[in-house]
Structures are given as structure tokens and as C-alpha cells.
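Just so you know, the working numbering puts 447 at position 446 of the first sequence, and the rest follows in order with no gaps. Glycine included, C-beta positions come from ideal geometry on N, C-alpha and C. Note that the structure is a prediction, hence the values are computed from the model and not measured. As C-alpha cells, the structure follows; a few thoughts come after it.
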Amino acid sequence: MPALRLPDGTTVNLPEGEPVGSALAPSAIAARVDGTLRDLSFVPQADCTVEPLEVRTDDGLHVLRHSTAHVLAQAVTRLWPGTKLGIGPTIADGFYYDLAIPAHVSVDDLPRVEETMRAIAAEDQPFVREDVSTEEALRRLTEQPFKREIVEGLGTDEAAGDMRTGAQTASFYRNDGWEDLCLGPHVPSTGRLGAFKLTAVSGAYWRGDEKNAQLTRIYGTAWATQADLDAYLERLEEAERRDHRKLGTDLDLFSFPEEIGSGLAVFHPRGGLIRMLMEDYSRQRHVEDDYLFVNSPHITKRQLFDVSGHLDWYADGMFPPMELDGGTEYYLKPMNCPFHILIYRSRTRSYRELPMRLFEFGSVYRYEKSGVVHGLTRVRGMTQDDAHIFTTREQMGQELQSLLSFTLSLLRDYGLDDFYLELSTKPEEKAVGADEDWEEATEALRQAAMAMNLELVMDPGGGAFYGPKISVQARDAIGRTWQMSTIQLDFQLPQRFDLHYAGADGKRHQPVMIHRALFGSVERFFGVLTEHYAGAFPLWLSPEQLWIVPVADRNVQAAHELAGRARDAGLRVAVDDSKQSVGKKIRAAQLIKAPYVIVVGDRDLEAGTFTVRKRGGEEVAGLGFEAIVRSLLEESRTRSLEQTLSAG
RNA sequence: GCCGGCGUGGCGCAGUCCGGUAGCGCAACCGACUUGUAAUCGGUAGGUCGUCGGUUCGAAUCCGACCGCCGGCUCCA
2 MPALRLPDGT
12 TVNLPEGEPV
22 GSALAPSAIA
32 ARVDGTLRDL
42 SFVPQADCTV
52 EPLEVRTDDG
62 LHVLRHSTAH
72 VLAQAVTRLW
82 PGTKLGIGPT
92 IADGFYYDLA
102 IPAHVSVDDL
112 PRVEETMRAI
122 AAEDQPFVRE
132 DVSTEEALRR
142 LTEQPFKREI
152 VEGLGTDEAA
162 GDMRTGAQTA
172 SFYRNDGWED
182 LCLGPHVPST
192 GRLGAFKLTA
202 VSGAYWRGDE
212 KNAQLTRIYG
222 TAWATQADLD
232 AYLERLEEAE
242 RRDHRKLGTD
252 LDLFSFPEEI
262 GSGLAVFHPR
272 GGLIRMLMED
282 YSRQRHVEDD
292 YLFVNSPHIT
302 KRQLFDVSGH
312 LDWYADGMFP
322 PMELDGGTEY
332 YLKPMNCPFH
342 ILIYRSRTRS
352 YRELPMRLFE
362 FGSVYRYEKS
372 GVVHGLTRVR
382 GMTQDDAHIF
392 TTREQMGQEL
402 QSLLSFTLSL
412 LRDYGLDDFY
422 LELSTKPEEK
432 AVGADEDWEE
442 ATEALRQAAM
452 AMNLELVMDP
462 GGGAFYGPKI
472 SVQARDAIGR
482 TWQMSTIQLD
492 FQLPQRFDLH
502 YAGADGKRHQ
512 PVMIHRALFG
522 SVERFFGVLT
532 EHYAGAFPLW
542 LSPEQLWIVP
552 VADRNVQAAH
562 ELAGRARDAG
572 LRVAVDDSKQ
582 SVGKKIRAAQ
592 LIKAPYVIVV
602 GDRDLEAGTF
612 TVRKRGGEEV
622 AGLGFEAIVR
632 SLLEESRTRS
642 LEQTLSAG
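Written as C-alpha cells, this is what we have:
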């Protein structure tokens, strides 16, 4: 009689042949037995530690979603007999199943599939596990070529999906006469599925290889309760409302004219203004932090990228060359570093000049593959807030640490305050340089990262070909993470370009380079801030800080006079003098997310006080115009994230 | 780049399956109203239906190629 140790410290004796589920609360959907996830029907052969698995945990949701994927495959098979099963893993928030369906299935078919899944759930079929030999498994899978491939790969490195290498047996789950090869575990029965919804259909190659058969991939999401599912769908809708591509059009910020080409944005006057404000403040901070401002052209002869190594390592990401009459090839620059290097190398440098920080808003062009271009966050032409810091090895650690502090401080001023760091190490294949250099560089970055007291995530093999890097990841207002800043350490380019400085000892030394972009790119940063603020930018970044609505025609002149006063004081002001109702003009201001609106009519002009409407609808009455202007200037100056205007 | 979906006035959409010389709402413009914190009323103008080619007496509609967009895979600032 096996003894079960439960999480509360108690031990219960399980009668021989009884499943672990009989010792657990009915709310459990599976169990963790000696650290391994098991079905509730698992029968222990010896003493063990057992934890119940509740559905609203990471592992619980994994089991729930995996079971839902299983039922999806069962439903598709019921609708289209002859369906061949691929794999059906869980993913963030849901699951998918790859299937070879003997029919063309589109999103229009998803409601039918969902309905069939609900029917299977209502039938409350138990999931029954059977462990069989691989020979028996192959016999059962005569009609399932993909699953056969998985079983044939058992015990080899070819094993796919949830099938682990080394297994000598295969497990099946059977319900209602339908069965599927599956590692499990599953919920006890189809009646225990939670709330689910199918979300998308797409194509996918078997094992992700385009030489293989193409399968239909059906995506779904599954949650413990309907309320959780609703909350998830609400989150998706919230993300959709914040989509910078839609806000870019609605707020007239930027566009991607087809005539120019994929991934190439133009900024409209309102977006251009925001962009200018973003850049101006960044420039100011860089001046304060002893950066030197430089400038470089957009194209160069190929030799520069031959020397830098970009044509060896990065050619796929570059636009093809332009060839001049004499046969000389010119390339659009995908990076600014070689240019800054030439500035450094333009004359002999002394250790007294280091660290030398060369900064530029540098426009670069990268040939991103057509399928990956996405709004402002993944473009083919972008401007990086790029700097290259030339430093001695001795100064390097200190420089990295102060750079990281500077980075976080700058990002905080733009309203981002929730970060974690990612340390990317040497790529296995694409890398140049000695191992010792990589180790020293990686260690220096690690030290700097540790000093920030932030969560540090490792990204093995994710570095650039010339050095390791730290990325600053920021979480936005709704908890999504975005890669912002990147800081890369580089011993290679100084060597390739033969860079030196004269040391205090009178000898020649090689500097180390730090590549860094804090916004990442102005375009991506713009897109991220748009989503972070849902288009409602803080006052200091708002294109129009004060929006004036005259009540009647006879108030228009007074409105313009007030606007002139506010402009003279330093505010950005718009007057809506269109011949529309006050309500309509208020609505228009609200839709463009104007932070402050004042309505100017006879009453206000007579009293000399105004009622200000804040974004969101709150009204503050009885304020003198000068007080309003002063308050807004102060809010803007401090880059406040709150609307600080108040009646007091 | 690959798979799937899609492309109709500035924006959001109908019309495409079952070919027969484009329609709605908002925005824009004009007029009336002179207005008090999210849509006053009436009128006008605006589209070679992404591009090119093919089928047809006739193509927004059917076929092909290309361009672009969206979702996913892979990759990145």
C-alpha cells in the first residue's frame, strides 16, 4: 500500500491499485507525482510525494490547454474523417494543433469546429491513458503518418513535440473510441475543459520544414473559467485599441505610402512634432552626459563594409549595392558604426580624450524580409539614436555602468519605468574574435547589469557577430514587453579598423568600442510610446497642449487672442474655429486626444475665468487664463505623466 | 522568404460566390443655425475598385503575375 506525502505535510496510505486522484481534492485536474505531471488516474507503485494540480496555475493551464488541443483534433476528425494528426502543443495563452484535413478549412469553419468541441465536452468522455510498446504503437498508427514518424523517432534526437527522447514506450489517450498518441497528462474527462475559443487558422509545414507536407494549423485559447477567457479577450481588444498602426492613422501621426515601399514611414505634421520633441529632449540629455555630436552620410563605398565585416556577416540584411559607371559599388548603410570609427580615426587620439562618446541620430536601411515588416516596430528605414563610445579597457566597466544608469534614467523620463535586462552571449556559428575577449566582454556587461538591481535574463547565443550585448526590455501600460535599448561591447571593430590611442605610458593601445542605441530606433520608440499611452501622450509630448473652442462666431477673435498669449508663453495651441456646434468641436478634440480643452464664450470672457476640460472628461472651473497657462507650462516642464491642473 | 487571409473615395465598410458601365456612414467643402463641455439641419464634390496582363460582346466581380497590408513561422532596433 503506497504512502502519499501531501503538500500539507500529511501522509495518506493509498489502497493498492487506487489512482492518486482519489486522495486529492475534487478541484484538482491533474497531479504532480515526485515532480512529474501525471493524470489523476495514475496509479503509484511505491511511496511518493503528490501535489494536486489546480487549473489556475501555469502547469494547470498547460494541462487544460493541451487537453483542449486534443479535443480540437478529435472534433476536426469527427467533422472531416480521414484527418491526419500532426502535433498539438500549448503556447502562451492557448494552443494549436497541426492537422492534415481532407478539406479546405478556413476561419469560417471555426464556429462549427467549436460547436463540435462543445458537444464532445458535454459528452464528458474520460481521457484514458494506455502505455504500449513502440511496436504496438506503430500498429495502431497505420493511418497516422505524422504520429508514426514521432514514434519512429522515439529514443533518437529526431523526437518531436512533447515526445521525449529515450522513451521505449508510447502513450495513447483514448476517449469514445478515438485515440491520439500523446505524452499527457490530461484533465480527467472532456467535461473538465474550461472556457475556450478558436482564434485563427494558418498554414504550417510539418516540423517547420518547407520541404515537408503542409498542414493546417488551428489556433485556440483556453482558460479555467469563462470570466478568465472574457478577461483575456478584453486584453486583446485593449491591445487592438492601442495598436500604433491604427492610432497613427486616426491621430494623423504617420503613414506608410505604398508608393514608397514596404517598411518605409513618413511622419505627418502631428507625428513629426512628437518625434521632434522626443529627439530634442534626447539631444539635451546627451549633451548633459558629455556626448559629442557627429553626422554621417547614408551611403558609402563597399570597402567600408568589407573592412567592418558587415558584408561577410550581414549582407542578407543589406539593400543590394548601387553600381556607378566606373564599377564602384555603393551601399546604403545598415549601421552607423564604421562612420563613427572613421571619425575617431581621423587623427591620433590620446587617452585623455577617452571615453569618447560620438552620438548621431543616424538613419540606416536594412533589408528586412517581407513577412517581418510591422508598423513602426519593424521597418526597413529607421533612425537610430546611435552612439559609439571609445574607451580603454580599464574604463570599460565604469563606463558601462554609468551608461546603463543613463539609459534607464532617460527611458523613465519618457514614462517607461518597468524594466528587465537581457544578456545575449556569443553566437555559436556567426561570431568573430577570441574566446577570451568574448568572456571578458560578457563578464563586464554582466557586472554592469548586476549593479542595476534589475531582473537579468540570459539569452545564450543571441549576441551580435562582433560582441555580446545587453538589451533593456520595458513593460508597457498593459504589461507587454518591448525591446528598447541595446548596449553592445566590441573588441573586434577596433582591431579590424586598427584603432589606437596614445596611453599615459607613451605607448599605442587599442580602445574598446561600446555600441548603444537607447530608443533602439526613433521609429520603434515612437510606436511603443504610442501604444504605451494609447495615443494620449503626456502634455510635454502632445502636439497641441491647449485646444481652444469658441462658442459662437463672435468669440472666435477672442479665442485667437488667447491662443496668441498662450503661444507667446510657450505652449502649443490649437483653435477650432470651424462652424460647428460646441458639442461637435468638443468631441473632435476628445477624439484627437487633446489633453486640455477650454471653451470660450461670452460668459467666460465677461468673467475672465474659464472652464477647462481634461482628457477623459473631468472639468475644472473658475480658472484665470494666466493660471491655466502657468499650470500647463509647469506640467510640461516636469514631463508629468498626470494631468496636474486643479482648481486650487 | 514561407503558409493562410485580404486590397472598393481621407477613414470604416457593402457590392465579388451567381460578370452587365459603383453604393452607405464618418470626414471634407458650401449654406442655414450662433450654439456652453462627446455628434444641429440641408446640400455639394470626391473612386481608371492596388498595378499590369489574360479570358469575355462586356470584368470591382473569373484567371495569372507583381506590389502592398493583416495573422502566423523564422529573424531583428
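Euclidean distance between Cα positions of V601 and T531
Straight-line Cα distance between these residues: approximately 30 Å.
Which runs of the alpha helix (DSSP H) at least 4 residues long sit entirely within the region 390-476? Give them in chain order.
As far as the region 390-476 is concerned, its whole alpha helix (DSSP H) runs of at least 4 residues are 394-414, 436-452.
If you run the structure through DSSP and keep just helix, strand and coil, what is P339?
Here P339 sits in helix by DSSP.
I'd like to check one pair, T408 with G513: are the Cβ atoms closer than 8 Å?
The question names Gly, but residue 513 in the sequence shown is Val. No, Cβ-Cβ distance for V513 and T408 is not below 8 Å.
Exposure of E361, with buried meaning 16 or more beta-carbon neighbours within 10 Å
Looking at its Cβ environment, which holds 16 or more other Cβ atoms inside 10 Å, E361 is buried.
What number of angstroms, rounded off, separates the C-alpha of D419 from the C-alpha of C49?
In this structure, the straight-line span from the alpha carbon of D419 to that of C49 is close to 42 Å.
Less than 8 Å between the C-beta atoms of T487 and P461, yes or no?
No, Cβ-Cβ distance for T487 and P461 is not below 8 Å.
With burial defined as no fewer than 16 other Cβ atoms inside 10 Å of the residue's Cβ, what is the status of G10: buried or exposed?
By the Cβ neighbour-count rule, G10 is exposed, with fewer than 16 other Cβ atoms within 10 Å of its own.
In the DSSP assignment, what are the bridge partners of P127?
Its beta-bridge partners are S190.
Could you check the C-alpha separation between V133 and Y206 for me, to the nearest Å?
For V133 and Y206, the distance between alpha carbons rounds to 28 Å.
Give the secondary structure of H311 by DSSP, where H, G and I count as helix, E and B as strand, and everything else as coil.
If DSSP states are grouped into helix, strand and coil, H311 belongs with the helices.
Going by the CB atoms, is the gap between T91 and S66 shorter than 8 Å?
It should be noted that the sequence gives Arg, not Ser, for residue 66. Yes, they are a contact pair.
Tell me which residues share the same chain as M357 and place their Cβ nearer than 6 Å to its Cβ, disregarding the 5 neighbours each side in the sequence.
Cβ neighbours of M357 beyond the five flanking positions: F391.
Just to confirm the assignment: which complete alpha helix (DSSP H) runs, minimum length 4, are found wholly within the region 24-93?
Counting only runs of at least 4 residues, the region 24-93 fully encloses the following alpha helix (DSSP H) elements, listed from N- to C-terminal order: 59-80.
Sequence-distant residues of its chain with Cβ nearer than 6 Å to H533 (five each side left out)
Result list for H533: D477, A478, in chain order.
Q670 - DSSP class collapsed to helix/strand/coil:
The displayed coordinates of the chain run from 2 to 649. Any statement about residue 670 would go beyond what the structure contains.
Taking the alpha-carbon positions, what's the G162 to I88 distance?
In this predicted model, G162 has a pLDDT of only 37, less than 50, meaning its place in the structure is not dependable enough to derive any value.
Taking the alpha-carbon positions, what's the S68 to R481 distance?
Distance from the CA atom of S68 to the CA atom of R481, rounded to whole angstroms, is 27 Å.
Find the nearest neighbour of H63 within the set W224, L417, G468, L15, judged by alpha-carbon distance.
Per the Cα distances, W224.
Starting from T222, trace the beta strand (DSSP E) both ways and give me its first and last residue.
Note, T222: beta strand (DSSP E), 215-224.
Quick check on DSSP: helix, strand or coil for F526?
Of the three classes helix, strand and coil, the one that applies to F526 here is helix, per DSSP.
Indicate whether G398 and A442 have their beta-carbon atoms separated by less than 8 Å.
Taking the C-beta atoms as reference points, A442 is found no nearer than 8 Å to G398.
Starting from F197, follow the beta strand (DSSP E) in both directions and report where the run begins and ends.
Note, F197: beta strand (DSSP E), 196-206.
According to DSSP, is Y345 helix, strand or coil?
Per DSSP, reduced to three states, the secondary structure at Y345 is helical.
Find out if the Cβ-Cβ distance for the pair V523, E289 is shorter than 8 Å.
No. Outside cutoff.
Would you check if the region 497-504 and the region 547-565 touch, i.e. whether three or more CB-CB distances between them fall below 8 Å?
Verdict: no, contact absent.
What does the alpha-carbon distance come out to for the pair A160 and T84?
In this predicted model, A160 has a pLDDT of only 39, less than 50, meaning its place in the structure is not dependable; the value taken from the coordinates is given anyway. So the alpha carbons of these two residues sit roughly 22 Å apart.
Are the region 632-647 and the region 575-592 touching by the rule of at least three beta carbon pairs closer than 8 Å?
Verdict: no, contact absent.
Based on Cα-Cα distance, which residue from E437, C338, A595, S351 lies nearest to Q489?
Per the Cα distances, C338.
Check whether the region 185-199 and the region 112-128 are in contact - that is, three or more C-beta pairs closer than 8 Å.
Because the criterion of three Cβ pairs below 8 Å is met, the region 185-199 and the region 112-128 touch.
Cross-strand partners of Y331 (DSSP beta bridge):
Y331 is bridged to K302, M323.
Given a threshold of 16 other Cβ atoms within 10 Å of its Cβ, counted over all protein chains shown, does V373 qualify as buried or as exposed?
Exposed is the label assigned to V373, since fewer than 16 other Cβ atoms lie within 10 Å of its Cβ.
Sequence-distant residues of the same chain with beta carbon closer than 8 Å to K431, five excluded per side
Excluding positions up to five away in sequence, the list reads W314, F466.
Counting C-beta neighbours from all protein chains within 10 Å, is the total for Q46 16 or more, i.e. buried, or is it exposed?
Around the beta carbon of Q46, fewer than 16 other beta carbons sit within 10 angstroms, so the residue counts as exposed.
Complete runs of the alpha helix (DSSP H) confined to the region 562-630 [at least 4 residues]
Counting only runs of 4 or more, we get 583-592, 603-608.
With respect to the alpha helix (DSSP H) encompassing S283, which residues constitute its N-terminal and C-terminal limits?
Annotation for S283: the continuous alpha helix (DSSP H) segment containing it runs 270-289.
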